[in-house]
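A.B. asks: Be aware that the sequence shown starts at 2, since it is given in this note's numbering, and climbs by one per residue.
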Amino acid sequence: VYIEEGADIKDELYLGVVLDRAKEMPVIMASTEGGMEIEKVAEESPEKIIKVAVDPAIGFQGFHGRELVFGLGITDKNEQKKLIDFASKLYKVYMDTDAEMIEINPLIKTGSGDFLALDGKMGFDDSALYRHPEIEEMRDISEEDPDEREASQYGLSYVALDGEIGCMVNGAGLAMGTMDTINYMGGTPANFLDVGGSANAETVAKGFEIILKNPNVKAIFVNIFGGIVRCDRIANGILEATKKVDVNVPVVVRLDGTNAAEAAEILKNANIDNVIAATDLADGAKKAVEAAKGA
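Now the structure itself:
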């Protein structure tokens with residue numbers, strides 16, 4: 002049971018800080034439509050959302066605060082000062098905790114002109130949690146996808162999707178390109194799985210195991226461009242996976258870059274029936290789609 006003191010609510014506002022990837026900097030967002038989901042406000046009344054970009058090199062300054070309060074139509078000097086101070090502290094919390102987003106909704110203005118946070122939430126950058134053990138301690142793993150959590154323990158980035166072609170790729174950019182090409186060829190990706198630059202036979206085998214937990218997977222497309230990661234390690238990982246896991250779907254493999262020739266030789270000598278070689282991304286995506294449709 003959570004009991005909170007009643008508040009004298011005169012107005013409800015929204016105030017948050019998010020990372021704007023297009024501007025490549027944090028953006029303070031505010032709206033007079035407090036208490037509503039900001040996504041709904043953005044869809045129905047985008048003109049009611051104030052956005053103030055803050056360059057991290059200079060941090061939150063007075064002119065940011067003035068742009069914020071004027072945009073919200075707050076004319077009382079005392080209220081302006083209080084809200085600017087609130088926004089400045091919210092921005093500091095966002096930066097100090099390596100947050101990905103922080104929002105107060107609703108932020109209320111009381112009858113006496115004070116501003117109080119009645120509800121709020123934060124999202125943190127997982128990659129920065131090593132700097133914040135106090136935040137890591139509050140992590141509730143029961144709220145996380147068990148497959149994504151298991152993948153992260155092996156250095157894998159995994160996100161389940163709704164399609165039927167499992168994807169194993171190195172690098173987020175190549176992963177996105179692979180999924181787009183699968184869609185272009187008439188298929189649908191079943192997951193995003195990035196093995197990263199430190200992949201070895203064990204992590205690749207674990208990746209296969211996680212992908213194959215999804216009963217909708219009818220084919221797997223392994224698309225690796227060897228830069229940091231060596232293609233022969235991926236090939237050995239595929240062999241390891243076939244020994245540890247029942248790989249009962251076609252596996253299309255495209256390996257290019259570091260030790261690609263050695264990798265091709267490893268797979269050729271293994272003579273695995275359901276492993277299909279591909280020459281490039283388009284060829285691999287096409288063969289994966291055909292394999293999934295024929296499964």
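C-beta atoms are modelled at their ideal positions from N, C-alpha and C, and glycine is treated no differently.
If you're wondering where the values come from, they're calculated on a predicted model, not measured in any experiment.
#1: Taking only the alpha-carbon atoms, compute the straight-line gap between His133 and Pro27 and give it to the nearest angstrom.
#2: Answer with buried or exposed for Met139, where buried requires no fewer than 16 other C-beta atoms within 10 angstroms of its C-beta.
#3: Buried or exposed: where does Ala262 fall if 16 or more other Cβ atoms within 10 Å of its Cβ makes it buried?
#4: How long is the line joining the alpha carbons of Glu104 and Asp97, rounded to whole angstroms?
#5: Identify, in the order they occur along the chain, each residue of the same chain with its Cβ nearer than 8 Å to the Cβ of Ser113, setting aside the five sequence neighbours on each side.
#6: Report the CB separation of Val218 from Glu165 in whole angstroms; it is logged as a contact under 8 Å.
#7: If we count the other Cβ atoms within 10 Å of its Cβ and call it buried at 16 or more, is Phe222 buried or exposed?
#8: Rounded to whole angstroms, what is the Cα-Cα separation between Gly7 and Ala43?
#9: Restricting to Cα atoms, I'd like to know which of Glu241, Arg234 and Thr243 is closest to Ala264.
#10: Can you give the Cα-Cα distance for Arg150 and Thr179, rounded to whole angstroms?
#11: Does DSSP put Tyr95 in a helix, in a strand, or in coil?
#12: With Phe125 as the anchor, note down where its alpha helix (DSSP H) starts and where it stops.
#13: Out of curiosity, what's the CA-to-CA distance linking Ile50 and Ala31?
C.D. replies: Well, looking at it:
#1: Locating residue 133 in the sequence shown gives position 132, counting from the first residue. Locating residue 27 in the sequence shown gives position 26, counting from the first residue. Each residue's Cα considered, the two are about 20 Å apart.
#2: For the purposes of this step, residue 139 is taken as the residue at position 138 of the sequence shown. Looking at its Cβ environment, which holds fewer than 16 other Cβ atoms inside 10 Å, Met139 is exposed.
#3: Here residue 262 refers to the residue found at position 261 of the sequence shown. With fewer than 16 other Cβ atoms within 10 Å, it is exposed.
#4: Counting from 1 along the sequence shown, the entry for residue 104 is found at position 103. Counting from 1 along the sequence shown, the entry for residue 97 is found at position 96. Computed Cα separation, rounded: 15 Å.
#5: Translated into the one-based positions of the sequence shown, residue 113 becomes position 112. So the list reads Asp9, once near-sequence residues are dropped.
#6: For this step, residue 218 is matched to residue 217 along the sequence shown. For this step, residue 165 is matched to residue 164 along the sequence shown. Right, their Cβ atoms sit about 6 Å apart.
#7: As a first step, residue 222 must be located in the sequence shown, where it is residue number 221. A residue is called buried once 16 or more other Cβ atoms fall within 10 Å of its Cβ, and Phe222 is buried on that count.
#8: Residue 7 sits at position 6 when you count from the first residue of the sequence shown. Residue 43 sits at position 42 when you count from the first residue of the sequence shown. So the two alpha carbons sit approximately 29 Å from each other.
#9: For the purposes of this step, residue 264 is identified with residue 263 of the sequence shown, where counting begins at 1. Ala264 has its Cα closest to that of Arg234, out of Glu241, Arg234 and Thr243.
#10: Taking the sequence shown and counting its residues from 1, the one referred to as residue 150 is at position 149. Taking the sequence shown and counting its residues from 1, the one referred to as residue 179 is at position 178. C-alpha separation (whole angstroms): 23 Å.
#11: Translated into the one-based positions of the sequence shown, residue 95 becomes position 94. Note: Tyr95 maps to helix in three-state DSSP.
#12: Against the sequence shown, residue 125 aligns to sequence position 124. Where Phe125 is concerned, there is no enclosing alpha helix (DSSP H), although the beta strand (DSSP E) it sits in stretches over Gly121 to Phe125.
#13: Stepping through the sequence shown from its first residue, residue 50 is reached at position 49. Stepping through the sequence shown from its first residue, residue 31 is reached at position 30. So the alpha carbons of these two residues sit roughly 6 Å apart.
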